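Chains as they are written, first to last, in full-length UniProt numbering: chain V, 1 to 435; chain D, 1 to 435.
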């Protein structure tokens with residue numbers, strides 16, 4: 001059998017330990033599939049002494065993480081430290097610069113610096129892979145980079161954050177409100193103590209930017225992702241969506257439109273109304289799912305565990321096997337020099353239907369005021385639900401669904417209502433996912 | 001840009017024409033992703049003159065299909081002729097023997113001769129790929145060969161035949177019976193004039209045998225697949241399953257059990273009761289879906305169009321792109337010499353729950369006779385439904401669901417009832433898919 005592929009592992013949190021366990025558990029099978037053994041030779045983490053439940057004695061301990069990058073006995077540096085910048089990025093640059101392969105699960109770093117790292121990897125003819133950075137154990141980076149490679153994709157979307165999906169589907173099951181379910185998610189380990197990146201949609205935005213770059217062949221543009229989280233979604237939104245035939249999910253959507261110079265990319269993470277019959281409606285709990293729509297493949301769905309030490313380790317080691325096989329390929333499917341710059345689309349030009357929920361004072365004339373603003377802005381109302389006085393402080397929730405139209409009209413209607421004494425809280429707009 | 005990858009295309013049915021259209025439509029994008037152009041240089045089919053809606057003049061026409069295999073101007077032979085043996089197999093052997101790459105969508109041939117062809121390909125260091133042979137446009141061969149490569153899988157299952165799934169989900173929607181929906185599927189082009197291979201489960205069995213070999217690293221063993229089709233499923237079975245919280249789907253299931261010498265492989269295609277909450281329950285119409293359960297990845301689902309010219313072309317060209325990139329890899333994930341022989345499991349040893357439907361004469365004592373046989377065979381009944389006299393000829397349908405137990409007990413119960421005058425038609429047993 002050929003020479004082993006030798007790995008330096010930086011970061012011994014749950015995922016790092018998961019990778020060690022996986023490589024130990026499935027050692028022979030991995031060697032058979034990779035064509036050669038995959039061996040961890042060196043490890044590093046902040047604290048050496050900590051008991052992590054695995055025996056680290058077979059591996060060289062390295063105190064200075066950055067020293068991993070230049071060890072002569074290492075072929076691939078595996079970064080599981082996290083953080084978009086700082087030590088992870090320094091390590092990535094140093095490893096690739098030294099011509100080592102570089103594998104990471106770090107979505108923030110790939111979203112911010114993936115293009116630079118891909119260019120460096122190409123220059124050094126080094127492998128750079130990040131399957132684990134998107135949707136945990138689901139092989140969707142490979143799916144888009146290789147599986148759909150023959151297709152022009154025009155839409156990539158999905159449920160990219162398990163924490164939000166857990167909270168939303170639990171709200172759906174229990175009728176409880178957001179705050180209560182967030183606390184429950186934290187208790188069960190599905191949400192961090194500081195859940196900001198998850199519930200505000202930033203984590204999903206990292207993943208969406210990566211998928212869009214791979215699927216569309218565009219230069220990764222995380223800054224252009226427009227992001228809204230789920231903190232404004234209320235139990236009565238979920239109930240009203242249900243009565244209309246929808247569930248609410250946090251969906252990242254990337255859409256490519258136009259041709260040539262006029263090509264535009266829209267990247268958004270927002271809570272959306274998903275029709276019951278759509279496959280994403282059936283995705284509950286901390287599961288992730290990605291849909292890619294190709295001109296020949298049609299709609300493809302990839303679904304599975306979006307996080308967790310074992311699924312993430314599965315994705316990390318799949319990358320290592322690809323590298324061992326000599327099949328790593330271009331990280332974004334095409335050479336990084338071929339990735340094209342694509343200007344962000346104006347979201348106002350989106351043509352679609354929206355759910356709008358107003359929180360209003362319970363007095364005569366409020367509905368007339370709202371519907372007049374809609375009319376003046378050119379928004380056509382498909383259905384309107386006024387609920388009884390059961391929200392806090394004697395306010396009433398008025399929800400409506402618009403007919404298909406340009407999104408900027410909805411924006412204009414809300415501008416017209418801005419400052420109105422009838423509205424006791426900012427309205428919430430959620431798009432209806434096109435089937 | 002590097003030299004083009006030159007393709008000889010055998011077979012100009014809908015898929016062959018789809019491949020020509022795809023390669024023409026997405027030419028530049030494919031070249032960017034593949035690192036070099038992919039060019040069809042020669043084509044062949046039975047009839048030369050036929051109008052296929054595409055211009056064949058750019059390609060050399062070859063009258064003798066077998067001559068494709070040895071043309072000096074060809075790198076890869078693409079076989080879209082079909083048939084497990086005959087000209088397709090002769091071409092496969094000749095192409096690989098000549099050291100050409102060989103790509104096919106031919107599930108029957110791969111199921112019967114895939115191991116031989118993989119061995120020949122390895123000997124000649126030629127690429128051999130068949131993504132399109134399983135589940136149309138879904139990149140599930142790649143998913144199992146590479147995406148889950150770090151995992152020991154213990155179960156691979158899915159909806160592998162679009163015709164059956166269309167018929168069953170239409171029966172569910174309309175309440176109509178099998179024959180009526182088969183006719184409707186034929187009218188709409190979802191079923192062939194001779195639907196035997198589809199409705200008897202043979203097509204799904206071909207695909208299952210291929211997936212099992214890739215996922216488990218076993219020598220492909222199509223003969224060992226135990227296959228039952230959907231012709232015995234009645235509208236009242238679907239109604240009764242529904243009342244119990246299930247839909248009926250034709251599911252191919254491959255399960256690996258035991259260790260070392262005692263390792264056993266169970267491969268079966270059968271109509272199954274699928275719990276509403278299971279992702280396969282949401283798969284309707286001609287869609288396919290494959291679930292792989294890995295020890296680290298957990299449950300992964302791959303879903304999409306299972307057939308059709310465009311999705312199949314998408315899968316075929318993905319294989320060509322892999323070959324152009326030099327990333328074809330071992331067709332069954334490990335070198336064919338490493339694939340292990342695995343004896344078939346005894347299906348009677350399966351521990352599970354079953355749905356059993358009896359068609360019985362409507363007279364006193366019948367239920368007592370059936371339940372006594374169950375008791376004597378050691379089958380424990382979880383629930384029992386006796387419907388009114390609404391089936392043909394004054395018979396009554398009695399359905400029951402068993403508690404978990406060994407399948408051979410159910411077989412024994414049916415043996416005890418064999419020849420009983422109370423049973424007016426053979427019973428139908430369908431397993432309940434484990435969640």
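Yeah, the Cβ is synthetic: ideal placement off N, Cα and C, and Gly gets one too. Values in this document were obtained by computation on a predicted structure and should not be read as measured data.
For residue 429 (chain V), the closest of V:193, V:357, V:385 and V:79 by C-alpha to C-alpha distance is V:357. With 16 or more other Cβ atoms from the protein chains shown falling within 10 Å of its own Cβ, residue 431 (chain D) counts as buried.
Taking a contact as a CB-CB distance under 8 Å, the pair residue 7 (chain D) and residue 78 (chain D) counts as one, their CB atoms being some 5 Å apart. Contact between residue 351 (chain V) and residue 405 (chain V) holds: CB atoms are separated by about 7 Å, below the 8 Å threshold.
Per DSSP, residue 342 (chain D) lies in no beta strand (DSSP E) and is assigned neither H nor E. Contact residues of the segment 207 to 221 of chain V toward chain D are 217 (C-beta to C-beta distance below 8 Å).
From the beta-carbon of residue 29 (chain V), the residues of chain D found nearer than 9 Å are 149, 150, 151, 152, 217 and 334. Shown here, residue 287 (chain V) sits in a strand according to DSSP, grouped into three states. For residue 26 (chain V), no beta strand (DSSP E) segment is defined, and its DSSP state is neither H nor E. Pairwise C-beta distances place the segment 277 to 296 of chain V out of contact with the segment 369 to 376 of chain V, as fewer than three of them are shorter than 8 Å. Under DSSP, the beta-bridge partners assigned to residue 102 (chain D) are D:77 and D:128.
In the same chain as residue 95 (chain D), and ignoring 5 residues on each side of it, the C-beta atoms closer than 6 Å to its own belong to 69, 77 and 102, in chain order. Apart from the 5 residues on each side of it in sequence, residue 354 (chain D) sits with its Cβ closer than 6 Å to the Cβ of 402, 410, 429 and 431 in its chain, given in chain order.
For the segment 179 to 227 of chain D, the continuous alpha helix (DSSP H) assignments of 4+ residues that do not extend past its boundaries occur at 196 to 199 and 202 to 216, in sequence order.
By the criterion of a C-beta distance shorter than 6 Å, residue 361 (chain V) is surrounded in its chain by 422 and 424, once the five residues flanking it on both sides are discounted. When C-beta distances to chain D are compared with 7 Å, the residues of the segment 303 to 319 of chain V below that value are 303, 304, 305, 310, 311, 313, 314, 317 and 318, in chain order.
Residue 312 (chain D) and residue 143 (chain D) have their C-alpha atoms roughly 16 Å apart. Just so you know, the alpha carbons of residue 81 (chain V) and residue 75 (chain V) end up roughly 19 Å apart.
Under the Cβ criterion of 8 Å, residue 142 (chain V) is counted among the residues facing chain D. Contact between residue 105 (chain D) and residue 132 (chain D) is confirmed by a C-beta separation of about 4 Å, below the 8 Å threshold. One thing to note: residue 36 (chain V) has its Cβ no nearer than 8 Å to the Cβ of residue 72 (chain V). Within the UniProt domain "ACT" (355 to 435) of chain V, the complete alpha helix (DSSP H) segments of 4 residues or longer fall at 366 to 377 and 407 to 417, listed in chain order.
DSSP places residue 233 (chain D) in the coil class of the three-state scheme, outside both helix and strand. Cβ-Cβ separation between residue 304 (chain V) and residue 280 (chain D): approximately 14 Å, too far for a contact (criterion under 8 Å).
Contact between the segment 160 to 176 of chain D and the segment 217 to 227 of chain D is absent, with fewer than three C-beta pairs closer than 8 Å. Any Cβ of chain D closer than 8 Å to the Cβ of residue 51 (chain V) would place that residue at the interface, and such an atom is absent. Taking 8 Å as the cut-off, the Cβ atoms of residue 210 (chain V) and residue 134 (chain V) count as close. Excluding residues up to 5 positions away in sequence, 385 and 399 lie with their Cβ nearer than 6 Å to the Cβ of residue 240 (chain V) in the same chain. Around residue 322 (chain D), the beta-carbon contacts reaching into chain V at under 7 Å are 146. About 6 Å separates the CB atoms of residue 191 (chain V) and residue 198 (chain V); that is less than 8 Å, so the two are in contact. Residue-level contact by beta carbon holds for residue 296 (chain D) and chain V, with a gap shorter than 8 Å.
For residue 168 (chain D), the enclosing alpha helix (DSSP H) starts and ends at 162 to 174.
Assignment of beta-bridge partners to residue 252 (chain V) by DSSP yields V:158 and V:269. The DSSP-derived three-state label of residue 327 (chain V) is coil. By the CB criterion at 8 Å, residue 66 (chain D) and residue 91 (chain D) fall inside the cutoff. Around residue 338 (chain V), the beta-carbon contacts reaching into chain D at under 8 Å are 32.
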